[in-house]
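K.L.:
These protein sequence lines are chains A and B, in that order.
Going by this note's numbering, the first residue of the first sequence is number 147, and it counts up by one from there.
Going by this note's numbering, the first residue of the second sequence is number 147, and it counts up by one from there.
Quick reminder that beta carbons are idealized off the backbone N, C-alpha and C, glycines included.
Just passing along the structure, written as structure tokens.
2 protein chains.
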Amino acid sequence: MTNTNLHDTSRLNTQKLPAAQKSRREFFKKSAAISVSAVAALSVLDPVKVLADDKAITHHAPWGQHWGDPITKNLYGVPSLYEHNVTRRYTKLLASGNYRAAIAVSPIQDIEGIITPNGLFFSRSHGGTAHIDPNKFRLMIHGLVKKPIVLTLKQLKRYPSVTRTHFLECPANGGQEWRATQYNSLQFAKGFMSCAQWTGVYIKTILKDLGLKPQAKWMLSEGSDNSEMGRTVPIDKVLDDAMIVWGQNGEALRPEQGYPVRLLLPGWEGNLCVKWLKRLEFASEPWYAKEETSKYTALKPTGKAVQHFYANEVNSTVTSPSPEIPWTDLKDGDLIEIEGLAWSGMGTITAVDLSFDGGKNFKKAKLKGLVLPKCWTRWSYMHKYKKGKTLLLTSRAMDDAGYIQPTIDQETSVMGVESVYHRNAIETWEVAKTGEVNHVQIRS
Amino acid sequence: MTNTNLHDTSRLNTQKLPAAQKSRREFFKKSAAISVSAVAALSVLDPVKVLADDKAITHHAPWGQHWGDPITKNLYGVPSLYEHNVTRRYTKLLASGNYRAAIAVSPIQDIEGIITPNGLFFSRSHGGTAHIDPNKFRLMIHGLVKKPIVLTLKQLKRYPSVTRTHFLECPANGGQEWRATQYNSLQFAKGFMSCAQWTGVYIKTILKDLGLKPQAKWMLSEGSDNSEMGRTVPIDKVLDDAMIVWGQNGEALRPEQGYPVRLLLPGWEGNLCVKWLKRLEFASEPWYAKEETSKYTALKPTGKAVQHFYANEVNSTVTSPSPEIPWTDLKDGDLIEIEGLAWSGMGTITAVDLSFDGGKNFKKAKLKGLVLPKCWTRWSYMHKYKKGKTLLLTSRAMDDAGYIQPTIDQETSVMGVESVYHRNAIETWEVAKTGEVNHVQIRS
Numbered sequence: 147m148t149n150t151n152l153h154d155t156s157r158l159n160t161q162k163l164p165a166a167q168k169s170r171r172e173f174f175k176k177s178a179a180i181s182v183s184a185v186a187a188l189s190v191l192d193p194v195k196v197l198a199d200d201k202a203i204t205h206h207a208p209w210g211q212h213w214g215d216p217i218t219k220n221l222y223g224v225p226s227l228y229e230h231n232v233t234r235r236y237t238k239l240l241a242s243g244n245y246r247a248a249i250a251v252s253p254i255q256d257i258e259g260i261i262t263p264n265g266l267f268f269s270r271s272h273g274g275t276a277h278i279d280p281n282k283f284r285l286m287i288h289g290l291v292k293k294p295i296v297l298t299l300k301q302l303k304r305y306p307s308v309t310r311t312h313f314l315e316c317p318a319n320g321g322q323e324w325r326a327t328q329y330n331s332l333q334f335a336k337g338f339m340s341c342a343q344w345t346g347v348y349i350k351t352i353l354k355d356l357g358l359k360p361q362a363k364w365m366l367s368e369g370s371d372n373s374e375m376g377r378t379v380p381i382d383k384v385l386d387d388a389m390i391v392w393g394q395n396g397e398a399l400r401p402e403q404g405y406p407v408r409l410l411l412p413g414w415e416g417n418l419c420v421k422w423l424k425r426l427e428f429a430s431e432p433w434y435a436k437e438e439t440s441k442y443t444a445l446k447p448t449g450k451a452v453q454h455f456y457a458n459e460v461n462s463t464v465t466s467p468s469p470e471i472p473w474t475d476l477k478d479g480d481l482i483e484i485e486g487l488a489w490s491g492m493g494t495i496t497a498v499d500l501s502f503d504g505g506k507n508f509k510k511a512k513l514k515g516l517v518l519p520k521c522w523t524r525w526s527y528m529h530k531y532k533k534g535k536t537l538l539l540t541s542r543a544m545d546d547a548g549y550i551q552p553t554i555d556q557e558t559s560v561m562g563v564e565s566v567y568h569r570n571a572i573e574t575w576e577v578a579k580t581g582e583v584n585h586v587q588i589r590s
Numbered sequence: 147m148t149n150t151n152l153h154d155t156s157r158l159n160t161q162k163l164p165a166a167q168k169s170r171r172e173f174f175k176k177s178a179a180i181s182v183s184a185v186a187a188l189s190v191l192d193p194v195k196v197l198a199d200d201k202a203i204t205h206h207a208p209w210g211q212h213w214g215d216p217i218t219k220n221l222y223g224v225p226s227l228y229e230h231n232v233t234r235r236y237t238k239l240l241a242s243g244n245y246r247a248a249i250a251v252s253p254i255q256d257i258e259g260i261i262t263p264n265g266l267f268f269s270r271s272h273g274g275t276a277h278i279d280p281n282k283f284r285l286m287i288h289g290l291v292k293k294p295i296v297l298t299l300k301q302l303k304r305y306p307s308v309t310r311t312h313f314l315e316c317p318a319n320g321g322q323e324w325r326a327t328q329y330n331s332l333q334f335a336k337g338f339m340s341c342a343q344w345t346g347v348y349i350k351t352i353l354k355d356l357g358l359k360p361q362a363k364w365m366l367s368e369g370s371d372n373s374e375m376g377r378t379v380p381i382d383k384v385l386d387d388a389m390i391v392w393g394q395n396g397e398a399l400r401p402e403q404g405y406p407v408r409l410l411l412p413g414w415e416g417n418l419c420v421k422w423l424k425r426l427e428f429a430s431e432p433w434y435a436k437e438e439t440s441k442y443t444a445l446k447p448t449g450k451a452v453q454h455f456y457a458n459e460v461n462s463t464v465t466s467p468s469p470e471i472p473w474t475d476l477k478d479g480d481l482i483e484i485e486g487l488a489w490s491g492m493g494t495i496t497a498v499d500l501s502f503d504g505g506k507n508f509k510k511a512k513l514k515g516l517v518l519p520k521c522w523t524r525w526s527y528m529h530k531y532k533k534g535k536t537l538l539l540t541s542r543a544m545d546d547a548g549y550i551q552p553t554i555d556q557e558t559s560v561m562g563v564e565s566v567y568h569r570n571a572i573e574t575w576e577v578a579k580t581g582e583v584n585h586v587q588i589r590s
């Protein structure tokens, strides 16, 4: 039974307020005068040294002595100036000479939870970031459909929308590490990915309207930027969960993500999720687009190449500690939360194991917060730090499709070292005696 | 049983690729030459008029004729220039003369899904936006705890963290509407709220360490900005789900949200969630802080005032259509998705009803995507538009605490019209014959 909600404060599980306001004010005066010299040790934390200016900071903070900024300053808000170091980054290795065919990697060591804010979302483009006037945007859907169509953005958005949280990952994530460690950095080693809440329309919803012909087995998606990115998608994926998305974390897609719309194939390679989308065509046989022959293939030791990868395989990483977040300030006996991410393009993460000896022995980590399909899953493990002991931290994830991450040796024996794609072998941070963290590779 | 995941592409449910690459290339050439003149009508959409330049746009878009921006341009990304109109807004009515004690309202008509991007998150401050150096930040926790403490930011973040998605709402949301409609705008009428994924530590986790004394029944939270915002929180809420948060949608809190940390009391009034937090004190009796006597109280018709409101009651709104998103371009018979938001500070949304006649008759709307406690829930209803008919669109939400939104008359009979707080009566958009949308009030 429902009640009409009429501000009856008695419904709240709170104590009644006493009437003696005057004595309470005196109490408040007294309490405000409490000294911070009573500060004591905390079992999780070290004893806190009370600095000479702690009292000044907690009672009369310098930033509390004057007006703050007016709301008229940034109607579209920006981060604190003190966070200027938290940005995407790039190296010459990851960029063409003109920085157009390039990748900007996300600071995943600094990300909290499972959402990457749009300003920090990784970006890969083959011809730079196009800027599209949404009024001039057109999307053509044709080929083996009964009613081919050209849609304006407004018309596209008239279809019933869905919102889903999914990671997006470049298949080259970690790909520099096939032969040896290249980057002593989490951001550069594993930051070719991000995770967002996407809003758009299922392509199957549109196809219900247009009428897909039974001979249609493949879909070509084509971008309108100057690289004219084109990729072929099997129809099963199209009819499962493929989306055309225009919303990212609540607002319009950013230009770097394909504004006004991109394709999203949940869990599949980022480059398949064509940005600045202009055309979807359906056919009975696949295309062999430029990016399916010259790129995004992997030469195996057998001499044959994998031409079409699709889903990004089950994977994980320790985010804290990491080369960017060392344990140099920890003391013997300190409790510390080890955190990481796990993800699979084939389903939902079911478990994450954590090893302290490079993969010989594993313990169960805890999955934190929301656990969603084809989405980042955050995990953690509470650890009592032993100063002066070297650790080899290795995580290993499992998904509900039945897969588990391989060792480097297992993966290399099948894939060789010629590919830069789809590396999902377990990786290791060495925590040195000093607390510094280094990227190492454990081979048998 | 789990398998080692070794790039066996046969595990994917995809067709085998035919070997005849040459003929496929010819197919591709042919398909690229398909004319858009075959474009046909769509049942959801109007027949698309193929513009003279549609072919030029879909095949040779002007933005595809040159390089896009290099990745070096914005390492912290920004929205498309074409989205410049999607911003927070303010009016003189909502601001002091110097725009410091003011509110910037969020463009909730433009938000997708249930996350508000940080740049568009509503902001209310009593003394402007403070800018705090995180290295100088200190948080004092004292009063009726066995081990009072002063924490640095780094120490605070060493506690085990949690991530939760919750809305945050100013109790004055909709408060201008008590006597009559003031704003023919969704953003100004209901945009005093947003929703985010928050990361921080439960205060109960810290208290387990510090040792809460049994006499402690209330907590004072105090900000360090120049308004020195102070509010009292009953201990039940503190020990339930109260958090100190430093992360918002994956990155550090924005300065306008209290960087580096604020209090978060999921579902409760925004002003209780003190920003730029500097002090938590525990006591056996409540404080009567400035903001609990001069503000945030409501005079009832009985002559008595409600002094302490806590949870924001169950509420909802239609976001599309709205005054900002009219139906002037719809034609008779068009299918259109009506969308809206529902939320309750007391629990989880269980149902949303939608009325087309101002609340006489209701139909069940569909809850979309994730449905989480004390979180925005998005809902929708597919509607066949009838041109030339006036509609009175009214939504009504229910929560799992057993509450349902009251009518305006029911709410006013208890609360009168002197308050500006906690309005959660059902509200109505009139869709005029022209498709224009106006904010109206339905009284009996």
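Under 8 Å, Cβ to Cβ, is there at least one residue of chain B near Q333 of chain A?
P.N.:
Not one chain B Cβ lies under 8 Å of Q333 of chain A.
K.L.:
Is K238 of chain A close to chain B, meaning its C-beta is less than 8 Å from at least one C-beta of that chain?
P.N.:
Not an interface residue.
K.L.:
Here's the rule I'm using: 16 or more other beta-carbon atoms within 10 Å means buried, otherwise exposed. How should E229 of chain B be labelled?
P.N.:
When all chains shown are included, E229 of chain B counts as buried.
K.L.:
Which class does Y442 of chain B belong to by DSSP, given the choice of helix, strand or coil?
P.N.:
Of the three classes helix, strand and coil, the one that applies to Y442 of chain B here is coil, per DSSP.
K.L.:
Tell me whether D387 of chain B is buried or exposed, calling it buried when 16 or more other Cβ atoms sit within 10 Å of its Cβ.
P.N.:
Label assigned to D387 of chain B: buried.
K.L.:
Cβ atoms of T233 of chain A and D215 of chain B: under 8 Å apart, would you say?
P.N.:
Contact: no.
K.L.:
Given that E397 of chain B touches chain A, what residues does it touch there, using C-beta distances under 8 Å?
P.N.:
Correct list: P225, E229, V232, D256, I257, E258, P263, G265, L266.
K.L.:
At a Cβ threshold of 8 Å, is A207 of chain A touching chain B?
P.N.:
True, the Cβ-Cβ gap to chain B drops below 8 Å.
K.L.:
Any heavy atom of the ligand COA within a distance shorter than 7 Å of the CB on K424 of chain A?
P.N.:
This structure simply doesn't include the ligand COA, nor any ligand for that matter.
K.L.:
Could you tell me how far apart the beta carbons of P317 of chain A and F502 of chain A are, in whole angstroms, since I believe they sit closer than 8 Å?
P.N.:
In fact, because the Cβ distance is near 30 Å, the residues do not count as touching under 8 Å.
K.L.:
Against chain B, does Q587 of chain A count as a neighbour if the rule is that its beta carbon must be under 8 Å from one of theirs?
P.N.:
Not an interface residue.
K.L.:
Suppose contacts are defined by Cβ-Cβ distances below 8 Å. Is L314 of chain A in contact with Q255 of chain A by that definition?
P.N.:
Cβ atoms of L314 of chain A and Q255 of chain A: not closer than 8 Å.
K.L.:
Any beta carbon from chain B within less than 8 Å of L188 of chain A's own beta carbon?
P.N.:
Model confidence at L188 of chain A stands at a pLDDT of 36, short of 50, so the residue's coordinates are unreliable; what they give is reported in the following sentence. Yes, L188 of chain A lies at the interface with chain B (some Cβ there is under 8 Å from its Cβ).
K.L.:
Out of curiosity, what's the CA-to-CA distance linking T523 of chain A and W344 of chain B?
P.N.:
In a straight line, the C-alpha of T523 of chain A is about 15 Å away from that of W344 of chain B.
K.L.:
Should G416 of chain B go down as buried or exposed, given a rule of 16 or more other Cβ atoms within 10 Å for buried?
P.N.:
Buried, because 16 or more other Cβ atoms sit within 10 Å of the Cβ of G416 of chain B.
K.L.:
How would you list, in chain order, the residues of chain A whose beta-carbon sits under 7 Å from the beta-carbon of N372 of chain B?
P.N.:
The answer, in chain order, is G210, Q211, H212, W213, G214.
K.L.:
How would you call P401 of chain A, buried or exposed, if buried means at least 16 neighbouring beta carbons within 10 angstroms?
P.N.:
P401 of chain A is buried by the Cβ-count criterion.
K.L.:
From the DSSP output, which residues share a beta bridge with D215 of chain B?
P.N.:
Looking at the DSSP assignment, D215 of chain B forms a beta bridge with A:T275.
K.L.:
Got a sec: is the Cβ-Cβ distance from V307 of chain A to anything in chain B below 8 Å?
P.N.:
Per the sequence shown, residue 307 of chain A should be read as Ser rather than Val. S307 of chain A counts as touching chain B.
K.L.:
Which same chain residues, not among the five before or five after R377 of chain A, have their C-beta less than 7 Å away from its C-beta?
P.N.:
Same-chain partners within the cutoff: S367, N417, L418, V420, A435, E437, E438.
K.L.:
Should G504 of chain A be flagged as near chain B, meaning a C-beta pair shorter than 8 Å?
P.N.:
So no, G504 of chain A is outside the interface.
K.L.:
Would you say D546 of chain A reaches chain B, if we count a Cβ-Cβ gap shorter than 8 Å as a contact?
P.N.:
Not closer than 8 Å to any Cβ of chain B, the Cβ of D546 of chain A fails to qualify, so no.
K.L.:
Identify, in the order they occur along the chain, each residue of the same chain with its Cβ nearer than 8 Å to the Cβ of Y549 of chain A, setting aside the five sequence neighbours on each side.
P.N.:
The residues are E459, V460, S490, M492.
K.L.:
So the alpha helix (DSSP H) D386 of chain B belongs to, where does it begin and stop?
P.N.:
Where D386 of chain B is concerned, the enclosing alpha helix (DSSP H) stretches over 381 to 386.
K.L.:
Which partner residues of I471 of chain A appear in the DSSP bridge assignment?
P.N.:
A:S468, per the DSSP bridge assignment.
K.L.:
List the DSSP bridge partners of C341 of chain A.
P.N.:
Answer by DSSP bridge pairing, in chain order: A:F313.
K.L.:
Can you look up M561 of chain B in the DSSP assignment and give me helix, strand or coil?
P.N.:
It is helical.
K.L.:
If the criterion is Cβ atoms closer than 8 Å, does the pair V379 of chain B and W364 of chain B meet it?
P.N.:
Taking 8 Å as the Cβ cut-off, V379 of chain B and W364 of chain B qualify as a contacting pair.
K.L.:
So for K436 of chain A, helix, strand or coil by DSSP?
P.N.:
Note: K436 of chain A maps to helix in three-state DSSP.
K.L.:
Short of 7 Å Cβ to Cβ, which residues in the segment 379 to 405 of chain B face chain A?
P.N.:
Cβ contacts with chain A: P380, D382, G393, N395, G396, E397, A398, R400, P401, E402, Y405.
K.L.:
How would you list, in chain order, the residues of chain A whose beta-carbon sits under 7 Å from the beta-carbon of D499 of chain B?
P.N.:
Those do not exist, as D499 of chain B stays about 11 Å from chain A at its closest Cβ, beyond 7 Å.
K.L.:
Three-state secondary structure (DSSP) at N330 of chain B?
P.N.:
DSSP places N330 of chain B in coil when its eight states are reduced to three.
K.L.:
Could you tell me whether the Cβ of T345 of chain A comes closer than 8 Å to any Cβ of chain B?
P.N.:
It does: the Cβ of T345 of chain A has a partner Cβ on chain B nearer than 8 Å.
K.L.:
Just the C-alpha distance for S590 of chain B and T553 of chain B, rounded to the nearest angstrom, thanks.
P.N.:
Their Cα atoms are separated by approximately 9 Å.
K.L.:
What does DSSP give as the partner residues of H529 of chain A in its beta bridges?
P.N.:
DSSP lists A:I482 as partners of H529 of chain A.
K.L.:
Report all residues from its chain with a CB closer than 7 Å to the CB of L385 of chain A; omit the five preceding and five following residues, and keep chain order.
P.N.:
For L385 of chain A, where only same-chain residues beyond five positions count, the Cβ hits under 7 Å are K350.
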